Amino acid sequence: MSERVMAELQEGMCLASSTDEAQELDGAGVGISEAQELDGANVGISKAQELDGADVDISVEADCSMAPLRSDLTGASYENGHPKNNDKRHSASNEKNESKEAEEEIVQTEKVINAIHYYRKYGHFKLRHCVSVFRRLCKAHQMTLTPLYCEHLKKMKHCIDQNQRILKRILSYGLEMFGSDHSLQTAAEMTQLRPASELFMSKVKSTLKQIVRDWSVEGVSERTACYDSVLSAIRARFPVVEKRSEVNVLVPGAGLGRLAWQLVLDGFSVQGNEFSLFMLFTSNFILNKCQKENEFTIYPYVLDTCNNWTYEDQIRPIQFPDLCPATAASVRSNTFSMSAGDFLQTTVDEDNSWSVVITVFFIDTATNLMNYIDAIHRILKKGGVWINFGPLTYHFADMDEEDAIELPYSEVIRLVKAKGFRMERDDRNDAVPATFYACNERSMLRYQYSCGFFECVKI
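Residues in the sequence shown are numbered consecutively from 76, following the numbering used here.
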């Protein structure tokens, strides 16, 4: 029986050169050898094929205005956040640098698009390895694992295929929404499917888990631990709901936008800022495309083969969104937008512009945290509030190619005060509940954070 099941699984994992929906479901198609998978041979796939044959006009412009939310525009408008330069007299060296930066942006964007397309093949390659290992087991051990293990691998394949379908929809809508952006348009046109790096595939997998954190019922406990303290703090500072639309709030590192959206529901005028295209594509899809609660299903842990209590835990489905922006919003006077780009660059021209800056699991993304402190102080109005919650993991630590500096929390607080902030709250250790981040709540291994939580005012 194990031989038959494994043969079916291997046959079903022939990697298709076409992305027709029927082929996606039954796994039929033109097989690509492992050698091709490993040596990086390019498999040319047209944009139309990649998007399941849908005609996507990538020249459609996003609504980039800060227009009030309406019942017919319930999600966020998206802005290309590249800094503006009004000086028309660029030197030749500046133009050369800008051209080089534009080329690099296209390269990085193409890698993101390729990684999203490559998820299914990446997952099938992992499954093929599992099948190969199984076949090398002795007959007695094969019989011991049959049929549960073999059936589990078949279920994994269906979960992987479903994830790819959702990822394609996210990307399709992202290209449609951001299509006027030159780097996206060029990157989409030049993409040829090929093996993506482990780094980029880890980001794809992380994106699926971020959906759980921000937009599923299972993520409620994480959101409560991380967001409630911040939400309670800003609500207490601005208790009159009718006046909150006058309070403009910036949320750097907005991720998939749930915190920003909750602030909108509370009545504040909000702009989320995000650098990652993985996050921007997905938040755009959830905020602007989803039409009902729990409309879509993903299997975010299907490729996590370690620390599972049961087979079922690994392949359990997660529905999203648990709250649909299209149905949760009503006519309101506050505004909501998302800006795309590096926080330091997108805020170059925003001196004394913001009433509140909220950072959650964000400040440790800096190579030099003092640059963030400087920028936040600069963009806040006098009397403006900075609310921060999170750890100091420092994303660029131990990277020799980065000029990164890692400072302890006490030093961060000292620098914030020295910059010109009045510290009004500084909770740490036992004063702050333990938190998790994009964690599988059913895993045998869960990383726990002890976060700092502070509120300060620009003086």
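Cβ atoms here follow ideal geometry from the backbone N, Cα and C, with glycine treated the same way.
Since we're looking at a predicted model, the values are computed, not measured.
Leaving out five residues on either side along the sequence, give the residues of the same chain with a beta carbon under 6 Å from the beta carbon of V187. Taking the first residue of the sequence shown as 1, we reach residue 187 at position 112. Cβ within range, chain order: L352.
Same chain only: Cβ atoms within 6 Å of D147, ignoring 5 sequence neighbours per side: Residue mapping note: residue 147 aligns to position 72 of the sequence shown, counting from 1. In this prediction, D147 scores a pLDDT of 34, lower than 50, which makes its location untrustworthy; the coordinate-derived value is nonetheless stated afterwards. No residues qualify anywhere along the chain.
Would the region 300-312 and the region 333-353 be scored as touching if the rule is three or more Cβ pairs under 8 Å? With a cut-off of 8 Å, the region 333-353 and the region 300-312 count as touching, because enough Cβ pairs lie within range.
Is the separation between the beta-carbon of N238 and that of R195 shorter than 9 Å? Along the sequence shown, one-based indexing puts residue 238 at 163. Along the sequence shown, one-based indexing puts residue 195 at 120. Contact: yes.
W429 - partner residues in DSSP beta bridges: For the purposes of this step, residue 429 is taken as the residue at position 354 of the sequence shown. Per DSSP, L455.
Under 8 Å: do the region 227-243 and the region 372-379 share three or more Cβ pairs, one atom per stretch? Touching, yes, given that three or more Cβ pairs across the two stretches are closer than 8 Å.
The beta strand (DSSP E) enclosing E499, as first and last residue numbers: Here residue 499 is taken as the residue at index 424 of the sequence shown, counted from 1. That run of the beta strand (DSSP E) goes F496 to D502.
According to DSSP, F395 sits in a beta bridge with which residue or residues? The count along the sequence shown starts at 1 and reaches residue 395 at position 320. Beta-bridge partners of F395 (DSSP): F371.
Does E349 come out as helix, strand or coil in the three-state DSSP assignment? Numbered from its first residue, the sequence shown carries residue 349 at position 274. The answer is strand: DSSP assigns E349 an E or B state.
Alpha carbon to alpha carbon, how far is S207 from N382? Give it in angstroms, no decimals. The sequence position of residue 382 within the sequence shown is 307, counting from 1. The sequence position of residue 207 within the sequence shown is 132, counting from 1. Rounded to the nearest angstrom, the two C-alpha atoms are 21 Å apart.
What does a CB cutoff of less than 7 Å around I191 pick up in its chain, not counting 5 residues either side in sequence? The count along the sequence shown starts at 1 and reaches residue 191 at position 116. Correct list, in chain order: L242, L246 and V279.
CB P392 to CB E368, shorter than 9 Å? Along the sequence shown, one-based indexing puts residue 392 at 317. Along the sequence shown, one-based indexing puts residue 368 at 293. Here P392 is not near E368, since their CB atoms are 9 Å or more apart.
With a threshold of 6 Å on Cβ separation, who are the neighbours of F418 within its own chain once the five nearest residues in sequence on each side are excluded? Working through the sequence shown from its first residue, we reach residue 418 at position 343. Excluding residues within five positions, the ones whose Cβ falls inside 6 Å are P327 and N348.
Output yes or no for whether 9 Å exceeds the beta carbon distance between S320 and S428. Here residue 320 is taken as the residue at index 245 of the sequence shown, counted from 1. Here residue 428 is taken as the residue at index 353 of the sequence shown, counted from 1. In this structure, S428 does not lie closer than 9 Å to S320 by Cβ.
Where does P327 sit, in a helix, a strand or coil, going by DSSP? The residue given as residue 327 occupies position 252 in the sequence shown. Reduced to three states, the DSSP call for P327 is strand.
Less than 8 Å between the CB atoms is what I'm expecting for P270 and Y193, so what's the real figure, rounded? Against the sequence shown, residue 270 aligns to sequence position 195. Against the sequence shown, residue 193 aligns to sequence position 118. That pair is a contact at about 7 Å.
Neighbour flag for Y522 against chain C, beta carbons, 9 Å: Reference to chain C is not applicable here, since this structure consists of a single protein chain.
Looking at C-alpha atoms only, which residue of E486, A415, K456 and K457 is the closest neighbour of L444? Numbered from 1 along the sequence shown, position 369 holds the residue referred to as residue 444. Closest option to L444, judged by alpha-carbon separation, among E486, A415, K456 and K457: E486.
Minimum C-alpha distance to E297 - residue among L520, L283 and Y512: On the sequence shown, position 222 is the one that residue 297 refers to. Considering only alpha carbons, the answer is Y512.
Using C-beta distances below 7 Å, list every residue in its chain close to F464, excluding the 5 sequence neighbours before and after it, in chain order. As a position in the sequence shown, residue 464 is number 389, starting the count at 1. Around F464, the same chain offers C301, S304, V305, V435, C526 and F528 as residues with beta carbons nearer than 7 Å, after the five sequence neighbours per side are excluded.
Measuring straight from C-alpha to C-alpha, what distance separates L520 and F360? As a working mapping, residue 520 is identified with position 445 in the sequence shown. As a working mapping, residue 360 is identified with position 285 in the sequence shown. About 30 Å.
Which of helix, strand or coil DSSP assigns to I480: For the purposes of this step, residue 480 is taken as the residue at position 405 of the sequence shown. In the structure shown, I480 sits in coil (DSSP, three-state: anything other than H, G, I, E or B).
Quick one: Cα of S277 to Cα of L259, how far? Taking the sequence shown and counting its residues from 1, the one referred to as residue 277 is at position 202. Taking the sequence shown and counting its residues from 1, the one referred to as residue 259 is at position 184. So the two alpha carbons sit approximately 21 Å from each other.
Whole-angstrom C-beta distance between V322 and S152, which should lie under 8 Å: The residue labelled residue 152 in the question sits at position 77 within the sequence shown. The residue labelled residue 322 in the question sits at position 247 within the sequence shown. 19 Å between Cβ atoms; not a contact.
Under three-state DSSP, which class holds V322? By one-based count along the sequence shown, residue 322 stands at place 247. Taken through DSSP and simplified to helix, strand or coil, V322 comes out as coil.
Run the CB neighbour count on A472, radius 10 Å, all protein chains shown included, and call it buried at 16 or more, exposed below. The count along the sequence shown starts at 1 and reaches residue 472 at position 397. Result: exposed.
Taking just the CA atoms, how far does C213 sit from A329? Residue mapping note: residue 329 aligns to position 254 of the sequence shown, counting from 1. Residue mapping note: residue 213 aligns to position 138 of the sequence shown, counting from 1. Rounded to whole angstroms, A329 to C213 spans 50 Å at the Cα level.
So, helix, strand or coil for Y524, using DSSP? On the sequence shown, position 449 is the one that residue 524 refers to. Y524 falls in the strand class under three-state DSSP.
Who are the near neighbours of V316 in its chain, counting only those whose CB is closer than 6 Å to its CB and skipping five residues on each side? Counting from 1 along the sequence shown, the entry for residue 316 is found at position 241. These residues qualify, in order along the chain: G342.
Anyone know if the C-beta pair for T421 and S412 falls short of 9 Å? Numbered from its first residue, the sequence shown carries residue 421 at position 346. Numbered from its first residue, the sequence shown carries residue 412 at position 337. T421 places its beta carbon 9 Å or farther from that of S412.
Using beta-carbon positions only, say whether I181 and M252 come within less than 9 Å of one another. To locate residue 181, count along the sequence shown from 1; it is residue 106. To locate residue 252, count along the sequence shown from 1; it is residue 177. No.
On a Cα-Cα basis, can you pick out the residue from E477, I448, M474 and F437 that is closest to L467? Along the sequence shown, read from residue 1 onward, the residue named residue 467 stands at position 392. Of the candidates E477, I448, M474 and F437, the residue whose Cα lies closest to the Cα of L467 is F437.
Just the Cα atoms here: how many angstroms apart are H452 and F496? Position 377 of the sequence shown holds residue 452. Position 421 of the sequence shown holds residue 496. Roughly 8 Å separates the two Cα atoms.
Can you tell me whether DSSP reads V532 as helix, strand or coil? Within the sequence shown, the letter at position 457 stands for residue 532. Correct three-state label for V532: strand.
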